[in-house]
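Visitor: Take a look at the following structure, please.
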Amino acid sequence: MKIVVLVKHVPDAQFDRHLNGEGNTTDRDESILSELDEYALEAALQLAEARGGSKAGNQVIALSMGPSGAVNAVKKSLQMGATEGVHLTDDALAGSDAAATSLALAAAIRHLGQVDLVITGMASTDGETSLVPAQLAERLGLPQVTFASSLEVAGGSLTARRDADTSSETVEAPLPAIVSVTDQINEPRYPNFKGIIAAKRKSIATLSLADIGVSPDQVGFAGSWTTVTSAEERPPRTAGTIITDEGDAGIKLVDFLAAQKLL
Amino acid sequence: MAKVLVFIDNPGAALKKSSLELLTLARSLGEPAVAVNGELTDAVAASLAEYGAAAVLRPSAQDLNDFLVAPKAAFLANAADNTGAGVVLLDNSPEGKEVAARLAIRLNAGVITDVVSVDADGTAHKSVLAGSYTTACKAKTPVSVLTIKANNVVPEPAAAASAPETVTVEVSAGTVPAARITAREQKAASGRPDLTDARVVVAGGRGMDGDFGPVEELADALGAAVGASRAATDAGWISHDAQVGQTGKTVSPQLYISAGISGAIQQKAGMQTSKVIVAVNKDAESPVFEIADFGIIGDVFDVLPQAAAEIRKRKG
Ligand SMILES: Cc1cc2nc3c(=O)[nH]c(=O)nc-3n(C[C@H](O)[C@H](O)[C@H](O)COP(=O)(O)OP(=O)(O)OC[C@H]3O[C@@H](n4cnc5c(N)ncnc54)[C@H](O)[C@@H]3O)c2cc1C
Ligand SMILES: Nc1ncnc2c1ncn2[C@@H]1O[C@H](COP(=O)(O)O)[C@@H](O)[C@H]1O
């Protein structure tokens with residue numbers, strides 16, 4: 142099987158995150174591989190391993206679009222076990238919204254030739270829109286299976302489970318398809334020593350917009366269909382009253398709610 | 026007047042409050058038309074008229090629900106062309122956002138999710154980065170597609186009811202590459218308010234140690250929804266649907282009571298825009314206390330039952 146996994150390099154949520162510059166884009170200084178994309182990578186690795194791994198010709202290609210630092214998301218994916226890495230980077234991509242991102246990623250995926258499966262995370266931890274997988278499916282004309290909490294592939298088609306609020310669904314789609322997976326699907330592995338050493342020998346291809354046949358005005362600030370006109374940081378929440386229970390904290394809690402007219 | 030298209034998916038027996046909100050918002054932006062998928066009862070048709078729908082668009086195919094998203098987006102794209110809509114409004118549910126995503130590609134339209142309000146010029150307001158920024162966004166395209174968060178508009182019927190015409194929109198589900206839904210299991214209803222739009226949420230974490238009884242007891246005394254941390258849902262103490270946070274639900278109720286939850290960043294991502302936050306935790310060092318308006322350092326098994334009993338007593 143040939144599987145492409147989309148991995149995004151995002152600001153680490155453990156630190157304060159900021160929007161800045163003319164286009165109010167996210168500051169990417171302290172960035173990591175989006176933790177939700179690790180589930181996508183793990184799902185791909187399990188499918189490849191169940192079919193004999195790379196020795197049997199199975200490919201797991203980690204693809205990231207982003208500035209120079211995004212190569213780290215690709216490197217981490219290689220350490221976890223991806224067989225190849227692709228870094229799509231170009232100055233003109235800066236400021237891309239979901240529509241422009243999906244346009245560039247769709248072109249990059251086409252550039253990689255015939256693939257069986259594209260797997261993504263359920264959402265990027267910075268944009269949090271979950272738009273990219275659905276837009277990619279529309280652009281590539283592939284069936285979309287989003288929010289999969291389980292995934293099986295057999296005989297040219299896939300079966301997945303999705304949990305919605307009022308029901309659980311089983312869905313089927315022919316390959317090739319696009320699947321986004323939730324954090325319920327598996328437990329992502331940590332790169333081990335062997336993986337880290339092996340990653341050093343794996344190649345990372347760098348692609349520019351010219352390589353994938355996209356013109357600069359189709360992406361970035363110029364090609365995006367939306368614009369952020371203003372951004373204001375909310376004052377951080379501050380701690381209020383903290384009390385220690387002396388046997389009557391439940392009553393004091395109700396007094397607080399009554400005073401706030403919340404009862 | 027600008028044309029606004031509202032998408033209502035499977036309205037059921039009566040329109041949900043969030044659908045009434047969309048219709049009310051649509052009227053403030055222009056002349057509303059409504060695309061309805063699924064069964065359309067007389068009661069729902071009457072509400073659409075009451076809320077001023079100028080037209081009701083229906084898909085020619087009946088099997089849109091058997092597939093994931095793509096045919097619904099195709100239907101809506103044709104409905105938008107048919108009505109000449111400049112704005113399309115959808116629910117901010119996961120499926121609403123996905124239909125919006127695909128529709129936007131079909132219409133070459135900018136899409137903005139998680140919208141809380143829309144100005145007359147189409148500027149949409151939303152918060153990002155787990156509630157740490159509020160932003161204003163705008164589509165640069167002739168058509169904009171917006172998904173609207175519930176509970177941000179007060180539903181109001183039109184000054185005069187309309188007599189909407191019904192229009193059938195051509196769509197054939199079979200021609201769009203889409204995943205097929207082969208089985209659907211209905212989940213049992215909890216009888217409590219819906220977590221995403223509840224006014225009050227009581228959430229429990231690993232500190233509940235397998236027993237959600239005290240959380241449910243306090244929730245019922247307050248008429249609240251029950252939430253949970255991922256530690257509690259992963260342990261199977263409560264259904265995954267109750268999870269609040271980055272990979273669960275985002276809630277912003279009037280009151281969020283956090284019980285036996287440490288306040289990890291992924292948990293905070295789903296609840297820190299709540300109006301008032303109360304935390305009960307026996308560890309004074311828990312990060313949840315940094316964002317709590319009222320914090321109690323104490324044992325959930327003492328504090329929650331005592332508070333529930335006191336509320337019942339005061340309510341008589
Ligand atoms: C990709 C990813 C996504 C995630 N998504 C989410 C998400 O959506 N939502 C989410 O919640 N988490 C999420 N998490 C998990 C998150 O990182 C934390 O692990 C989780 O929130 C911890 O849950 P907790 O606070 O209940 O447990 P803990 O961190 O173990 O905290 C338990 C707390 O209970 C207190 N306690 C124990 N006993 C008592 C008692 N008797 N009385 C009072 N207090 C007591 C302890 O002092 C402690 O503070 C995610 C993690 C990852 C990696
Ligand atoms: N710049 C990017 N590079 C690689 N993958 C991406 C990028 N942006 C989004 N994705 C993928 O799309 C998923 C959903 O992202 P989003 O639509 O931004 O919430 C992520 O989990 C990634 O798998």
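Protein chains in written order, with my numbering: chain A, 142 to 404; chain B, 26 to 341.
C-beta: ideal position from N, C-alpha, C; glycine also.
On the three-state DSSP scale, how would you describe A/MET221?
Guide: Helix.
Visitor: With distances taken from CA atoms, which of B/LEU132, B/VAL59, B/LYS307 is nearest B/PRO167?
Guide: It is B/LEU132 whose Cα lies nearest to the Cα of B/PRO167.
Visitor: Looking at the secondary structure, which residues open and close the beta strand (DSSP E) in which B/ALA74 lies?
Guide: First-last for B/ALA74: 67-75, but that is the alpha helix (DSSP H), not the beta strand (DSSP E).
Visitor: Should A/VAL273 be listed as close to ligand 2, given that the test is whether its C-beta is under 6 Å from any heavy atom?
Guide: A/VAL273: yes, Cβ under 6 Å from ligand 2.
Visitor: Who are the Cβ neighbours of B/VAL69 in its own chain at under 7 Å, not counting the five residues just before and after it?
Guide: For B/VAL69, where only same-chain residues beyond five positions count, the Cβ hits under 7 Å are PRO36, ALA39, LEU40.
Visitor: Return the chain-ordered list of same chain residues with a C-beta closer than 6 Å to the C-beta of A/VAL322, the five sequence neighbours on each side being excluded.
Guide: Hits under 6 Å: TYR180, ALA181, ALA184, ALA289.
Visitor: Using 7 Å as the threshold, is the C-beta distance between A/VAL151 and A/ASP267 below it?
Guide: Yes, the Cβ-Cβ distance between A/VAL151 and A/ASP267 is below 7 Å.
Visitor: Taking Cβ positions only, does B/PRO202 come closer than 7 Å to chain A?
Guide: So, interface residue.
Visitor: Per DSSP, which residues does B/GLN331 bridge with? Please list them.
Guide: BP columns for B/GLN331 are empty, so no partner.
Visitor: Kindly say whether B/THR258, judged by its beta-carbon, lies nearer than 7 Å to any beta-carbon of chain A.
Guide: It does not; no Cβ of chain A falls within 7 Å.
Visitor: Pop quiz: B/LYS163 and A/THR367 are said to be a contact at Cβ under 8 Å. What is the actual Cβ separation, rounded to whole angstroms?
Guide: The pair is a contact, with the Cβ atoms about 7 Å apart (cut-off 8 Å).
Visitor: Is the Cβ of A/ILE384 closer than 7 Å to any Cβ of chain B?
Guide: Answer yes: the Cβ-Cβ gap between A/ILE384 and chain B drops below 7 Å somewhere.
Visitor: Give the secondary structure of A/GLY296 by DSSP, where H, G and I count as helix, E and B as strand, and everything else as coil.
Guide: A/GLY296: coil per DSSP, three-state reduction.
Visitor: From which residue to which residue does the beta strand (DSSP E) around A/HIS150 run?
Guide: A/HIS150 -> beta strand (DSSP E) spans 150-152.
Visitor: Please confirm whether B/PHE237 has its beta-carbon closer than 7 Å to some beta-carbon of chain A.
Guide: No - not a single Cβ of chain A is within 7 Å of the one on B/PHE237.
Visitor: Can you list, in chain order, the residues of its chain with a C-beta nearer than 7 Å to that of B/ALA126? Leave out the 5 residues immediately preceding and following it.
Guide: If we look at B/ALA126 and ignore the five residues flanking it on each side, its Cβ neighbours are VAL136.
Visitor: Taking 7 Å as the threshold (C-beta atoms), are A/ALA241 and A/ILE353 in contact?
Guide: No, the Cβ-Cβ distance between A/ILE353 and A/ALA241 is not below 7 Å.
Visitor: Assign A/PRO376 to buried or exposed, taking buried as 16 or more other Cβ atoms, counted over all protein chains shown, within 10 Å of its Cβ.
Guide: Label assigned to A/PRO376: exposed.
Visitor: In three-state DSSP terms, what is B/GLY252?
Guide: It is a strand residue.
Visitor: What are the boundary residues of the beta strand (DSSP E) that B/PHE100 is part of?
Guide: Here B/PHE100 belongs to no beta strand (DSSP E); instead the alpha helix (DSSP H) covers 95-108.
Visitor: Look up A/LEU403 in the DSSP assignment and say whether it is helix, strand or coil.
Guide: Note: A/LEU403 maps to coil in three-state DSSP.
Visitor: Can you check which of these residues, A/ALA197, A/VAL273, A/ASN161, is closest to A/SER205 by C-alpha distance?
Guide: It is A/VAL273 whose Cα lies nearest to the Cα of A/SER205.
Visitor: Spatial neighbours of B/ALA58 within its chain, please: CB distance less than 6 Å, with the 5 preceding and 5 following residues excluded, ordered by chain position.
Guide: LEU30, ALA79, ALA80, THR108.
Visitor: What number of angstroms, rounded off, separates the C-alpha of A/VAL259 from the C-alpha of A/VAL146?
Guide: A/VAL259 and A/VAL146: Cα-Cα distance of roughly 6 Å.
Visitor: Looking at the unbroken alpha helix (DSSP H) that takes in A/VAL273, where does it start and where does it end?
Guide: Looking at the DSSP string, the run of the alpha helix (DSSP H) that includes A/VAL273 is 272-281.
Visitor: So with Cβ pairs under 7 Å, would you call A/GLY194 a contact of chain B?
Guide: It does not: the Cβ of A/GLY194 has no partner Cβ on chain B nearer than 7 Å.
Visitor: According to DSSP, is B/ALA183 part of a helix, a strand, or is it coil?
Guide: DSSP places B/ALA183 in coil when its eight states are reduced to three.
Visitor: Indicate, with yes or no, if ligand 1 has a heavy atom lying under 6 Å from the CB of B/LYS307.
Guide: Under cutoff, so the answer is yes.
Visitor: Excluding the 5 residues preceding and the 5 following B/ALA256 in the sequence, name in chain order all residues of the same chain whose CB lies nearer than 6 Å to its CB.
Guide: Closer than 6 Å at Cβ, skipping near neighbours: GLY230, ARG231.
Visitor: By the 10 Å Cβ neighbour count, where 16 or more other Cβ atoms means buried, how is B/ILE282 classified, buried or exposed?
Guide: Buried, by the Cβ-count rule.
Visitor: I want to know whether the segment 318-337 of chain A touches the segment 214-227 of chain B - three or more CB-CB distances under 8 Å.
Guide: The segment 318-337 of chain A, when compared against the segment 214-227 of chain B, does not touch it at the 8 Å Cβ threshold.
Visitor: Taking three-plus beta-carbon pairs below 8 Å as touching, is the segment 397-404 of chain A in contact with the segment 43-60 of chain B?
Guide: No, the segment 397-404 of chain A is not in contact with the segment 43-60 of chain B.
Visitor: Whose C-beta lies closer than 7 Å to the C-beta of B/ASP222 among residues of the same chain, with five residues either side of it excluded?
Guide: Answer for B/ASP222: ALA175, ASN176, listed in chain order.
Visitor: Tell me which residue opens and which closes the alpha helix (DSSP H) that B/THR49 is part of.
Guide: First-last of the alpha helix (DSSP H) with B/THR49: 42-54.
Visitor: Is the beta carbon of B/ALA289 within less than 6 Å of some heavy atom of ligand 4?
Guide: In terms of ligand content, the structure shown lacks ligand 4 and carries ligand 1 and ligand 2 instead.
Visitor: Can you pull the chain B residues whose beta carbon is under 7 Å from the beta carbon of A/SER218, in chain order?
Guide: None at all; the shortest Cβ gap to chain B is about 20 Å.
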